[in-house]
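Notes to accompany the following structure.
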Ligand code: ADP
């Protein structure tokens, strides 16, 4: 059946040689539309941030990031674990409409893991872009979380990307890849527990503009915990008060105080029916230390808070 058979004949355009497609079927139209505009393959589709990640600003960090991003400055986010760095980058990627490729760095990670490698498949040896190359080639924010954990050879590929050249050397491919205009490199590191050997070298550090993060101030942190864990603000405030005590023990029995992430865990357990004491034992005690003296201090603090 003709696609436009419901249209009165008088209103149909005449089937002249100039309008040869007038009486095509819907199926034929769909097929030719597909030929004319084949589905564009989006290599970054998986890394587009569709929904707004909740982020509660604690200062002017959103503006700072926006201005730095406009210049595509490489950014170094420093701060303790679980204080909101990753969430902030996710939020900014969404706000700016730029895809985000996050890589959690670890001590086994090499430059090849970031850049890519030749792999053998049915067609022979084929090059596969690593996450950094994907971001450089197609234009995404590449976030290297805990960058100092990665092996030293990764700095060799990062350096030419973080100066005026904006180049990624793909040595194994014999290619110098110029960065896409939308590419931005963001790295994070926790200055707290790096050994001197793993600290960022000045020659690397000075290639980045820096943003220092810390746990939000108590009122803001309670808001975040209440929102993320789905608990009442008053409960969240109690957890934040305990966190304050643990953070005061940093360097006095604890390597790190309780992170915002741990408070959200504690709140989530409470919301799901576990009593406050048990929720805190599993998060604000057991996740922080095995030291019996410190555990006793934390236990007393939890008892005093929840009565
Ligand atoms: P980091 O990357 O610093 O280790 P994350 O970004 O993973 O820490 O933060 C841990 C969790 O804390 C996040 O998943 C988020 O739920 C919460 N969080 C911390 N700070 C904020 C904030 N300012 N706004 C919203 N959520 C936050």
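Residue numbers (the numbering used here): 486 to 792.
No residue lacks a Cβ here, since even glycine has one placed at the ideal position from N, Cα and C.
Using only CA atoms, which one of the options lies nearest to residue i?
i	options	result
residue 580	538, 562 and 593	538
residue 594	574, 616, 604 and 607	616
residue 536	578, 776 and 689	578
residue 729	718, 711, 712 and 748	748
residue 641	665, 602, 677 and 688	688
residue 718	692, 708 and 783	708
residue 570	780, 558 and 542	542
residue 703	691, 721, 712 and 693	721
residue 788	775, 766, 777 and 776	766
residue 746	605, 547 and 768	768
residue 671	626, 659 and 712	626
residue 556	782, 666 and 775	666
Look at the Cβ atom of residue i, then the Cβ atom of residue j, and state whether they are nearer than 8 angstroms.
i	j	result
residue 773	residue 731	yes
residue 620	residue 590	no
residue 673	residue 631	yes
residue 716	residue 756	yes
residue 758	residue 714	no
residue 562	residue 770	no
residue 664	residue 655	no
residue 566	residue 628	no
residue 764	residue 751	yes
residue 602	residue 613	yes
residue 700	residue 786	no
residue 633	residue 685	yes
residue 638	residue 596	yes
residue 559	residue 693	yes
residue 592	residue 573	no
residue 668	residue 564	no
residue 779	residue 738	yes
residue 726	residue 790	yes
Bridge partners for residue i per DSSP, in chain order?
i	result
residue 656	DSSP, once it has assigned bridges, lists no residue as partnering residue 656.
residue 529	Paired residue(s): none; residue 529 is not in a bridge.
residue 673	562
residue 661	654
residue 629	588 and 672
With respect to 7 angstroms, is the separation between the Cβ of residue i and the closest non-hydrogen atom of ligand 1 below this value?
i	result
residue 540	yes
residue 703	no
residue 626	no
residue 727	no
residue 543	yes
residue 671	no
residue 749	yes
residue 740	no
residue 429	Here the chain comprises residues numbered 486 to 792, so residue 429 is not present and cannot be evaluated.
residue 735	no
residue 709	yes
residue 640	no
residue 580	no
residue 564	yes
residue 745	yes
residue 568	yes
residue 660	no
residue 713	yes
Checking contacts by CB at 8 angstroms: is residue i closer than that to chain C?
i	result
residue 771	In the structure shown, chain C cannot be found, because there is only a single protein chain.
### Task
Write down every uninterrupted run of the alpha helix (DSSP H) in the region 586–622 whose length is 4 residues or greater and which is fully enclosed by it, in chain order.
596–600
Which residue spans inside the region 675–750 form an unbroken beta strand (DSSP E) run of at least 3?
Taking only runs of at least 3 residues, the beta strand (DSSP E) segments lying wholly in the region 675–750 are 694–697.
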